[in-house]
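All remarks here apply to the structure that follows.
Take a look at the structure:
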């Protein structure tokens, strides 16, 4: 919190140096409303822009040769 200048109350988190898809992760990000950094608990993975709320997609790996061909990475 000190390094990133986070002032809000922090959620309780455990160290995890080996995240897998869909696991919860503590992530520092900018709150778009305040412009300040916050610590959020998010699910790890990449969800394509075209997925709906009930998506079943999650990936953490991408091959450079697939980026221009696969629908998952478009947009």
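Numbering (the numbering used here), first residue to last: 7 to 81.
Even for Gly, the Cβ is constructed at its ideal location relative to N, Cα and C.
Remember, predicted model here, so these are calculated numbers, not experimental data.
Per DSSP, residue 74 lies in no beta strand (DSSP E) segment and is marked neither H nor E. Boundaries of the beta strand (DSSP E) around residue 47: 43-49. Contact between residue 27 and residue 56 does not hold, since their C-beta atoms are separated by about 18 Å, which reaches or exceeds 8 Å. By DSSP's assignment, residue 31 forms a beta bridge with 48. Put simply, the stretch 10-25 touches the stretch 34-47. At least three CB pairs are less than 8 Å apart. Rounded to the nearest whole angstrom, the CA to CA distance from residue 33 to residue 68 is 21 Å.
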